[in-house]
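K.L.:
Below is one structure. I have some questions about it.
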Amino acid sequence: FPVNQNLMELLIMIDALKRASAKTINIVMPYYGYARQDRKARSREPITAKLVANLIEKAGATRMITLDLHAPQIQGFFDIPIDHLNAVRLLSNYFSSHHIDEDLVVVSPDHGGVTRARKMADRLKAPIAIIDKRRPRPNVAEVMNIVGNVNGKVAILIDDIIDTAGTITLAANALIENGATKVYACCSHPVLSGPAIERISNSPIEKLIVTNSLVLPEDKWIDKIEQ
Numbered sequence: 003f004p005v006n007q008n009l010m011e012l013l014i015m016i017d018a019l020k021r022a023s024a025k026t027i028n029i030v031m032p033y034y035g036y037a038r039q040d041r042k043a044r045s046r047e048p049i050t051a052k053l054v055a056n057l058i059e060k061a062g063a064t065r066m067i068t069l070d071l072h073a074p075q076i077q078g079f080f081d082i083p084i085d086h087l088n089a090v091r092l093l094s095n096y097f098s099s100h101h102i103d104e105d106l107v108v109v110s111p112d113h114g115g116v117t118r119a120r121k122m123a124d125r126l127k128a129p130i131a132i133i134d135k136r137r138p139r140p141n142v143a144e145v146m147n148i149v150g151n152v153n154g155k156v157a158i159l160i161d162d163i164i165d166t167a168g169t170i171t172l173a174a175n176a177l178i179e180n181g182a183t184k185v186y187a188c189c190s191h192p193v194l195s196g197p198a199i200e201r202i203s204n205s206p207i208e209k210l211i212v213t214n215s216l217v218l219p220e221d222k223w224i225d226k227i228e229q
């Protein structure tokens, strides 16, 4: 799923529809590429999430439907209506339907995902915990502390995007070290690039539950991953 190619094809399709006098053009884009570049963390950096919004609007889209934006504030980059859906109900239903519902704790792998974790915790009637994480550089994460009690509990890690799986596997190791009996993980967007599959295979994660917002190639399907 080359994001650049798909985005360019989308823009061309929007342009074609606009030139064919379409009254409204609704874009269904479950995975909003470049969403993580939503601000200038350092000087001389682009804000690519805003650039993509500009491109989609300028091409002629009149509405967009998307799933679990990395930062909900990205909706403010658009001047057209945005329907921002979330996958918490779908992911929660997996655990309920598989009777994974006793002695649970829902864990956010960072401070930014607390709202998402709380929504799942409310559905599963479970407490939450938070991983205190820092990134010394892009795609590298270090676990500092766990805020909350995970001892003797089944932990469910929830995130919006799993890319190289560094954050989620470090978090899983930290949870086991702090007394969690089992660790499950779930996410809306399984990017799973680079060493992700190897890391997940070698981690204590029992199952990784994902949505189909991205098409996973066959070589990335392992026993631990379910959709």
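Residues 3 to 229 in my numbering are what the sequence shown spells out, letter by letter. Glycine included, every Cβ here is placed at the ideal spot set by N, Cα and C. Small disclaimer: the values here were computed from a predicted structure and weren't measured.
1. Counting only runs that start and end within the region 100-178, where is the beta strand (DSSP E) found for 3 or more residues in a row?
2. Between residue 97 and residue 53, is the Cβ-Cβ spacing less than 9 Å?
3. In angstroms, rounded to a whole number, what distance separates the CA positions of residue 166 and residue 198?
4. Under 8 Å by Cβ, that's how I've got residue 180 and residue 217 pegged, so tell me the actual separation to the nearest angstrom.
5. Does the structure place the region 34-44 close enough to the region 67-75 that three or more beta carbon pairs sit under 8 Å?
6. Check the C-beta distance from residue 160 over to residue 93 and give it rounded, since I have them as a contact under 8 Å.
7. Rounded to a whole number of angstroms, what is the C-alpha to C-alpha distance between residue 31 and residue 100?
8. Given a cut-off of 9 Å on the beta-carbon distance, is the pair residue 170 and residue 202 in contact?
9. Tell me residue 65's beta-bridge partners as DSSP assigns them.
10. Answer with buried or exposed for residue 83, where buried requires no fewer than 16 other C-beta atoms within 10 angstroms of its C-beta.
11. With residue 62 and residue 16 assumed to form a contact (beta carbons below 8 Å), what rounded beta-carbon distance in angstroms separates them?
P.N.:
Based on what the coordinates show:
1. Fully enclosed beta strand (DSSP E) runs of 3 or longer: 106-110, 130-139, 142-149, 156-164.
2. Indexing the sequence shown from 1 puts residue 97 at position 95. Indexing the sequence shown from 1 puts residue 53 at position 51. For the pair residue 97 and residue 53, the CB atoms are not nearer than the 9 Å cut-off.
3. Residue numbering aside, residue 166 sits at position 164 when the sequence shown is read from its first letter. Residue numbering aside, residue 198 sits at position 196 when the sequence shown is read from its first letter. Those two C-alpha atoms are separated by around 4 Å.
4. Taking the first residue of the sequence shown as position 1, residue 180 is located at position 178. Taking the first residue of the sequence shown as position 1, residue 217 is located at position 215. Contact doesn't hold; Cβ gap of about 35 Å is too wide.
5. They touch, by the three-pair rule.
6. Indexing the sequence shown from 1 puts residue 160 at position 158. Indexing the sequence shown from 1 puts residue 93 at position 91. That pair is a contact at about 7 Å.
7. For the purposes of this step, residue 31 is taken as the residue at position 29 of the sequence shown. For the purposes of this step, residue 100 is taken as the residue at position 98 of the sequence shown. Using only the alpha carbons, I get a separation of about 29 Å.
8. Along the sequence shown, one-based indexing puts residue 170 at 168. Along the sequence shown, one-based indexing puts residue 202 at 200. Taking 9 Å as the Cβ cut-off, residue 170 and residue 202 qualify as a contacting pair.
9. As a first step, residue 65 must be located in the sequence shown, where it is residue number 63. Under DSSP, the beta-bridge partners assigned to residue 65 are 28.
10. As a first step, residue 83 is located in the sequence shown; it is residue number 81 there, counting from the start. Exposed, since its Cβ has fewer than 16 Cβ neighbours within 10 Å.
11. Within the sequence shown, the letter at position 60 stands for residue 62. Within the sequence shown, the letter at position 14 stands for residue 16. About 5 Å; that satisfies the 8 Å criterion.
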